[in-house]
Amino acid sequence: MHSQEIPQVDFLLIGGGLASATAAGTLRAAGAEGSIAILSAETTLPYHRPPLSKCFLVKGPDKTNILIHDEAFYRDRDIDIHLGARVCWVDVGSRTIETDAGAHFSFGKLLIATGAGVNRLSAPGADLSGVHYLHTVNDALSLYRGIERVQRAVVVGASFIAMELAAALATRGIATTLMAKGHLLYAKLRSPEVSEFFAKYYRGRDIELIFGEGVKEFSGTTRVEAVVTSSGEIVPCDIVAVGIGVHPEIGFLRNSGIDVDGGILVNQYLETNRPGIYAAGDVANFYDPISRTRSRVEHWDNAIKQGRIAAWNMLGERQSWRTVSYFFSDVFDLTFNVVGATEKAGEHIIRGSVEDRSFSVLYLGNNRLRGAFLLEQSFVEGKAAGALIANRSDLTATKAKLPDGRFPLNQAAVQTVLILQGGGALGGFECGVVKALEERSIYPDLVAGVSIGAFNAAIIAANPHNATAALEAFWREVSLDTPNVPYEGLQRALSSLQSLVFGVPHFFRPRWFEPVLTPAQLPTNWTNFYDPSPVKATLGKYVAFDKLRDSPVRLVLTAVDVETGQLVIFDSYVDEITPEHILASGSLPPGFPRTTVDGKH
Ligand SMILES: Cc1cc2nc3c(=O)[nH]c(=O)nc-3n(C[C@H](O)[C@H](O)[C@H](O)COP(=O)(O)OP(=O)(O)OC[C@H]3O[C@@H](n4cnc5c(N)ncnc54)[C@H](O)[C@@H]3O)c2cc1C
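Numbering-wise, the sequence shown is residues 5 to 605 according to our numbering.
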């Protein structure tokens, strides 16, 4: 094909699921002016999957509206959707993609949101009619029609999908057996208490549970008639639904030059190793600054939030992932949530009452909450759990109270927070405050600063237990020696004049003492009078910027985006703080250059 014939799309989105649909809508809402196109392997407009394993199977397709947006939404926003277009190749060099049908598109920015595909069993008889998997709306339709005429079902797996499937089938009055290879339900939660709770609950609703058994074969002539377990037990059935997990859809990226490893590898801005190519949703293996590990999350909420962030970043922003993952589900009349990463904790605490069907499991590592399972808990409890995880709050002081469900989780964090304001002389006052606190062995867990307070805050965060000495040394280094004169007013006027004309050593220097080596350095080309680079070097002596992320003191800085007037927050837990961030917060007076962070001034 001749290159001129290849349609050029400014924002090309591969995958027709929740992450893509959200990204497309966000792009337009955020003012994207170029062309936007979604390429989807499916033949249906993007839809929500969670209802498929719940009300869709119980109430039926007619009573379940699953579409994320109707056709008019995409038309009105000039978003092209190509259905039945499976991408088989991405050429990062020429920035083009190819579909199975041989169509080509070239792109400016690319989002890959191809989600996950179901894991399939390869046991003999796996191809028999009546053996179902559930991922797409077509799968759900086929299963819904299949269960209309059956009496006995076997559900294979202990994942949340398997649990939801068993609940839906039992609700439809089908005699259901759930067989799990391991010995726990919701195995990912690794909680015997949660497993036992659900086992009792499911048995109470006439679901038979078989643990420790895999599938040896499916028996039947044309339709499945029984499942033979690994130990040889025969479980008769008319239908089987398998829910044994998913894998990221990345096969088409083999040899493309886009790094993959258990998902598409992206940084905290959801960008791949190839500039301008992003990934979001189930397929993205992203760096999570909160847990400081890589994660791939297969949740509805994650797909929406990542779709948004990817869209903003495709438009030139630099928004970091800074969210705790959130999962919801309901089975029978129970609702539950999982927040954070339950698999990364070493210890767990049961909170509340399992007998009363109102409890949580708190997953802790180093006395900090990493994740939580919440059954029938209030919104406030879920929010509090998310905040404790996001803030990495030290729970040592309140840990003993956590099992008591009456002790509010939002009171579990005991933190010392120091908030430092700006304004010249306040800087010195703040040093005195820090000294007084240190003398009483009071150290902040979080220090927030703006303007001069930002300088102090960074020095405190970088020197957790000897902030006073570091602050005093820093301010001594940037202080100005002025000639002694008898009148204070005159002294002040002289020192102002001295700093205006000669600058302040180790802080800023005037342009007029710089040699003019290039035409750009001629005074007629100046856009400012002072160069603040000395203070960046001085700050570097007191703040090891590359280690701020690991400091026990979290640093939060605020600044104002002068182009939009919006408040911007920098957080050492999430952002790579540099001297520029301090200067951006420092609101240097007129005459100084503007500070640019991540392309924003
Ligand atoms: C049955 C079911 C129930 C669920 N219930 C819950 C729940 O209760 N709570 C919860 O939090 N989460 C739930 N989830 C998970 C949630 O739905 C997913 O996390 C979410 O849909 C992920 O969105 P996505 O856009 O990343 O991927 P998907 O929604 O999977 O969309 C990916 C799209 O990309 C397409 N695609 C794949 N490869 C290509 C290609 N090469 N070219 C073009 N298109 C391609 C796919 O066909 C698909 O349309 C459930 C999922 C399922 C399947």
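Using N, Cα and C, we set each Cβ at its ideal position, and we do this for glycine too. For clarity, every value in this text was computed on a predicted model and none was experimentally measured.
- The C-beta of GLY266 has fewer than 16 other C-beta atoms within 10 Å across all chains shown, which makes the residue exposed.
- The beta-carbon separation of PHE331 and HIS303, rounded to 4 Å, stays under the 8 Å limit for a contact.
- Excluding the 5 residues flanking it on each side, GLN272 has same chain C-beta neighbours closer than 6 Å at TYR291, PRO293, SER324 and TRP325, in chain order.
- Pairing ILE393 with VAL301 gives a Cβ-Cβ distance that is not under 8 Å.
- The alpha-carbon separation between THR339 and GLU380 amounts to approximately 6 Å.
- Taken through DSSP and simplified to helix, strand or coil, GLN502 comes out as helix.
- When the beta-carbon positions are compared, PHE201 and VAL358 come within less than 8 Å of each other.
- Counting C-beta pairs with one atom in each stretch, the stretch 583–600 and the stretch 536–543 have three or more that are closer than 8 Å, which means they touch.
- In the assembly as shown, GLU567 is an exposed residue. Its beta-carbon has fewer than 16 other beta-carbons within 10 Å.
- Excluding residues up to 5 positions away in sequence, SER110 lie with their Cβ nearer than 7 Å to the Cβ of GLN12 in the same chain.
- In this structure LEU319 does not touch LEU368 by the C-beta definition: roughly 39 Å separates them, more than the 8 Å allowed.
- Counting only residues of its own chain and dropping the five nearest sequence neighbours on each side, GLY427 has a CB closer than 7 Å to the CB of SER455 and ILE456.
- Per the Cβ contact rule, the stretch 241–261 is in contact with the stretch 153–164 (3 or more Cβ pairs under 8 Å).
- Going by DSSP, GLU351 is part of the beta strand (DSSP E) stretching over 351–357.
- For ASP565, the CB contacts under 6 Å within the same chain, skipping 5 residues up- and downstream, are VAL572 and LYS604 in chain order.
- Between SER39 and ALA89, the CB-CB gap reaches or exceeds 8 Å.
- ILE238 counts as exposed, since fewer than 16 other beta carbons sit within 10 angstroms of its beta carbon.
- Collapsing the DSSP output to three states places GLN425 in coil.
- Remark: the C-beta of ILE393 is outside contact range of ligand 1, defined as less than 7 Å to any heavy atom.
- ASP360 counts as exposed, since fewer than 16 other C-beta atoms from the protein chains shown sit within 10 angstroms of its C-beta.
- When DSSP states are grouped into helix, strand and coil, PHE363 belongs to the strand group.
- For LEU145 against LEU169, the beta-carbon gap comes to about 15 Å, at or over 8 Å, which does not count as contact.
- Look at the stretch 369–408 and you find these whole runs of alpha helix (DSSP H), each 4 residues long or longer: 383–394.
- Boundaries for TRP325: no alpha helix (DSSP H) harbours it, and the DSSP string shows neither H nor E there.
- Restricting attention to ASN289, THR180 and ARG322, the CA atom closest to the CA of VAL264 is found in ASN289.
- Following the DSSP letters along the chain, one finds GLY344 inside the beta strand (DSSP E) bounded by residues 338–344.
- Counting only residues of its own chain and dropping the five nearest sequence neighbours on each side, LEU257 has a CB closer than 8 Å to the CB of VAL94, ILE116, VAL264 and ILE268.
- Around the C-beta of ASN488, fewer than 16 other C-beta atoms lie within 10 Å, and the residue is accordingly described as exposed.
- The alpha helix (DSSP H) runs lying completely inside the stretch 52–90 and spanning 4 residues or more are 59–63 and 75–80, given in chain order.
- Ranked by Cα distance from ASN123, the first of LEU132, LYS113 and ILE165 is ILE165.
- Here SER555 has ALA465, ALA466, PRO468 and SER576 as same chain residues with Cβ atoms under 8 Å from its own Cβ, once five neighbours each way along the sequence are excluded.
- Ranked by Cα distance from ALA33, the options VAL601, ASP449 and TRP316 are led by TRP316.
- Every unbroken stretch of the beta strand (DSSP E) spanning 3 or more residues and falling wholly within the stretch 531–578 is given here in chain order: 558–564 and 571–575.
- Closer than 7 Å to some heavy atom of ligand 1: that does not describe the Cβ of PHE533.
- The continuous alpha helix (DSSP H) containing LEU587 extends over residues 583–589.
- Note: THR599 is not bridge-paired with any residue in the DSSP secondary-structure output.
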